[in-house]
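In what follows, a structure is listed as structure tokens, so that the remarks can point back to it.
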Amino acid sequence: MDAQLDAWVSRELVWHGQAWPGQPVALTVGEHAQHAGPYGDAAASWRSRLVLELPQLGPVELELHLAGNGVRVARRAVSGTAADALAGARDELVDALAARGLETRSVLVQNDDG
9 MDAQLDAWVS RELVWHGQAW PGQPVALTVG EHAQHAGPYG DAAASWRSRL VLELPQLGPV
69 ELELHLAGNG VRVARRAVSG TAADALAGAR DELVDALAAR GLETRSVLVQ NDDG
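The sequence shown runs 9 to 122 under the numbering used here.
So, in structure tokens, the structure goes:
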């Protein structure tokens, strides 16, 4: 019961499980402070973070920040090969988000390979 109250108060949910058999994943979803829109209206802002280790790409982290009908995407990979693969899939991601009515405001790919 305490965990349920903590999630309600913090407005953040953390889940650890399997994306598919043998593929561990961590997912965090949380609401952030309200931001005033261009007409003074307040819009909820949500951030989701997905962390997994893919068999061919290694550790990968995806963060989506949703506000209104727009989304900012940050992807981080440990290896340069994984970062290149994520960067190469940018247009496909933008198209998939647009098909669901989301305007992509930015897409960032970071490489932690040094």
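C-beta atoms are modelled at their ideal positions from N, C-alpha and C, and glycine is treated no differently.
Note that this is a predicted model, so its numbers are computed, not measured.
Check                                                                                                                                                             : Outcome
Can you tell which of G96, L58 and A52 has the C-alpha that lies nearest to the C-alpha of Q26?                                                                   : L58
Go ahead and label L62 buried or exposed: buried means 16 or more other beta carbons lie within 10 angstroms of its beta carbon, across all protein chains shown. : exposed
Can you tell me the Cα-Cα spacing of L70 and A52, whole angstroms?                                                                                                : 20 Å
Please determine, among W28, L94, A34 and R113, the residue with the shortest C-alpha to C-alpha distance to N119.                                                : L94
Smallest Cα separation from L35: which of S56, R19 and P29?                                                                                                       : S56
Nearest to L60 by CA position, among W23, T112, E100 and L101, is which residue?                                                                                  : W23
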